[in-house]
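In full-length UniProt numbering, the protein residues as written are 1 to 322. Here a beta-carbon is modelled for each residue, glycine too, at the ideal position from N, C-alpha and C. Keep in mind that this is a model prediction, so the values were computed, not measured.
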Amino acid sequence: KACWVGGSCSGAAVLAAVDDAIHDGVDVLSLSIGGAGPQFPGTLHAVQRGISVVFSGGNDGPVPQTVGNALPWVTTVAASTIDRSFPTLISLGNKEKLVGQSLNYNAAMNNSGFQDLVHVQSCDTESLSLSNVTGKTVLCYAPAQAAITPPRAELHSLINRTIEAGAKGLIFAQYTVNLLEILTSCEGFMSCALVDFEIAQRIASYSKMTESPVVKISPAVSVVGNGVLSPYVASFSSRGPSLAFPRILKPDIAAPGVGILAAERDSYVFHSGTSMACPHVSAVTALLKSVHPDWSPAMIKSAIVTTGTNIEIPENVQLITI
1 KACWVGGSCS
11 GAAVLAAVDD
21 AIHDGVDVLS
31 LSIGGAGPQF
41 PGTLHAVQRG
51 ISVVFSGGND
61 GPVPQTVGNA
71 LPWVTTVAAS
81 TIDRSFPTLI
91 SLGNKEKLVG
101 QSLNYNAAMN
111 NSGFQDLVHV
121 QSCDTESLSL
131 SNVTGKTVLC
141 YAPAQAAITP
151 PRAELHSLIN
161 RTIEAGAKGL
171 IFAQYTVNLL
181 EILTSCEGFM
191 SCALVDFEIA
201 QRIASYSKMT
211 ESPVVKISPA
221 VSVVGNGVLS
231 PYVASFSSRG
241 PSLAFPRILK
251 PDIAAPGVGI
261 LAAERDSYVF
271 HSGTSMACPH
281 VSAVTALLKS
291 VHPDWSPAMI
301 KSAIVTTGTN
311 IEIPENVQLI
321 TI
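Given below as structure tokens:
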């Protein structure tokens with residue numbers, strides 16, 4: 001065991017785990033951990049023994065030069081979206097209809113009709129206490145930290161404070177709309193929708209110009225396939241080039257890492273992050289190793305990177321992240 005409650009992974013524990021894996025004769029090491037650390041020499045020893053090492057690239061995007069685990073001898077993975085979306089219709093009192101994202105399929109919770117809309121700058125305790133939000137739908141913003149995605153625990157905490165304040169609904173504006181799983185905090189308590197800052201600004205403008213603004217959040221629907229423009233790099237996925245290895249092009253490749261279904265005890269959950277993208281590439285690496293057992297880690301990495309599909313968005317299509 002190398003990692004503990006809270007996501008803490010000591011360098012010594014990771015090195016010991018890598019060392020054990022080398023002695024066990026594994027074919028692939030899949031490491032969904034972040035930051036530069038003492039595991040680097042361990043991964044070099046693994047590669048020297050013919051073991052492919054796949055690393056997650058980090059979730060500090062979209063700021064440039066934030067990619068981590070950019071060692072030349074490993075495969076560094078970015079996160080991309082998939083062809084699945086959960087749009088929800090947000091109807092304003094002026095008959096304007098906007099689109100957000102939601103995991104709320106409870107029709108009974110959404111069928112209460114229009115509700116009073118309250119616009120607060122933040123969902124922190126102080127801002128909520130200054131406004132009467134009881135029984136109303138709240139529009140608030142996630143904290144902006146130099147355009148870097150805030151810690152997810154902090155986002156969950158803001159949603160919980162809104163619930164405790166007695167709100168009936170929440171429209172949560174974020175720099176990125178790729179972290180749909182934070183809305184699980186709303187389940188069973190209130191209708192919630194996730195929007196980007198552009199949509200939030202339109203709702204805020206309506207609220208400011210209307211004496212008694214109202215809003216309705218409809219139940220979410222599932223859209224899969226051609227109805228969703230994908231894949232594109234997730235907004236939270238760390239970008240290159242690497243500060244530690246500026247002459248090495250990183251990340252190496254992107255894989256599905258947004259809204260990935262994962263097991264959690266007796267249920268399931270959506271997770272997003274390069275930690276979810278990394279295992280996809282690790283699996284491809286293992287498949288290639290089974291077909292070509294004589295290939296070196298560099299050959300397998302080259303095969304993956306050079307056969308990846310370069311997706312271009314048509315010029316006449318406007319990318320809207322819903």
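(request) Mind checking which residues open and close the beta strand (DSSP E) that includes V133? (result) To locate residue 133, count along the sequence shown from 1; it is residue 133. Note, V133: premise wrong, no beta strand (DSSP E); not H, not E.
(request) Name the two residues that bound the continuous alpha helix (DSSP H) containing S275. (result) Within the sequence shown, residue 275 is the residue found at index 275, counting from 1. Segment 274–291, the alpha helix (DSSP H) holding S275.
(message) Can you check which of these residues, M276, A283, I217, is closest to V138 by C-alpha distance?
(response) To locate residue 138, count along the sequence shown from 1; it is residue 138. The option with the nearest alpha carbon to V138 is I217.
(request) Check the C-beta distance from V47 over to V53 and give it rounded, since I have them as a contact under 8 Å. (result) Indexing the sequence shown from 1 puts residue 47 at position 47. Indexing the sequence shown from 1 puts residue 53 at position 53. So it is a contact: roughly 6 Å between Cβ atoms.
(request) Could you check the C-alpha separation between C186 and V233 for me, to the nearest Å? (result) As a first step, residue 186 is located in the sequence shown; it is residue number 186 there, counting from the start. As a first step, residue 233 is located in the sequence shown; it is residue number 233 there, counting from the start. Near 27 Å, if we compare the C-alpha coordinates of V233 and C186.
(message) Out of T162, V305, A204, A13, which one is the CA nearest neighbour of V77?
(response) Here residue 77 refers to the residue found at position 77 of the sequence shown. Comparing Cα positions, the closest option is V305.
(message) Taking only three categories from DSSP, how would you classify R202?
(response) By 1-based counting over the sequence shown, the position of residue 202 is 202. Three-state result, R202: helix.
(request) Buried or exposed for N104, please, with buried defined as at least 16 other CB atoms from any protein chain shown within 10 angstroms of its CB. (result) Indexing the sequence shown from 1 puts residue 104 at position 104. N104 is buried by the Cβ-count criterion.
(message) Between which residues of its own chain and A91 is the CB-CB distance below 6 Å, once the five residues before and five after are set aside?
(response) Here residue 91 refers to the residue found at position 91 of the sequence shown. Contrary to the premise, residue 91 reads as Ser rather than Ala in this sequence. Cβ within range, chain order: K97, K216.
(message) Distance check for V99 and V67, CA to CA, integer angstroms please.
(response) Numbered from 1 along the sequence shown, position 67 holds the residue referred to as residue 67. Numbered from 1 along the sequence shown, position 99 holds the residue referred to as residue 99. Their Cα atoms are separated by approximately 31 Å.
(request) Could you name the residues of the same chain whose beta carbon sits closer than 7 Å to that of S230, not counting the 5 residues immediately before and after it, in chain order? (result) The sequence position of residue 230 within the sequence shown is 230, counting from 1. These residues qualify, in order along the chain: T81, I82, D83.
(message) Which runs of the beta strand (DSSP E) at least 3 residues long sit entirely within the stretch 207–270? Give them in chain order.
(response) 214–217, 253–256, 260–264
(message) Going by DSSP, what residue range makes up the alpha helix (DSSP H) through residue 334?
(response) Nothing in the structure corresponds to residue 334, since the chain is present only between 1 and 322.
(request) Indicate the three-state DSSP secondary structure (helix, strand or coil) for I300 in the structure shown. (result) Working through the sequence shown from its first residue, we reach residue 300 at position 300. Correct three-state label for I300: helix.
(message) Using 8 Å as the threshold, is the C-beta distance between S207 and L117 below it?
(response) On the sequence shown, position 207 is the one that residue 207 refers to. On the sequence shown, position 117 is the one that residue 117 refers to. It is a contact, given that the beta carbons lie within the stated cut-off.
(message) In this structure, how does DSSP classify R84 when only helix, strand and coil are distinguished?
(response) If you number the sequence shown from 1, residue 84 lands on position 84. Strand, per DSSP.
(request) Determine the closest residue to G58 out of I199, S237, V28, L158, with distance taken between C-alpha atoms. (result) As a position in the sequence shown, residue 58 is number 58, starting the count at 1. Selected option, being the one with the closest Cα: S237.
(message) Quick check: V28 and A286, are their CB atoms within less than 8 Å of each other?
(response) By one-based count along the sequence shown, residue 28 stands at place 28. By one-based count along the sequence shown, residue 286 stands at place 286. Their beta carbons are under 8 Å apart, which means V28 touches A286 by this criterion.
(request) Take L261 as the anchor and find which of Q65, C9, S85, V26 has the nearest alpha-carbon. (result) The count along the sequence shown starts at 1 and reaches residue 261 at position 261. Minimum Cα distance to L261 is reached at S85.
(request) With distances taken Cα to Cα, identify the nearest neighbour of A70 among V284, C3, P246, I182. (result) As a working note, residue 70 is residue 70 in the sequence shown. Selected option, being the one with the closest Cα: P246.
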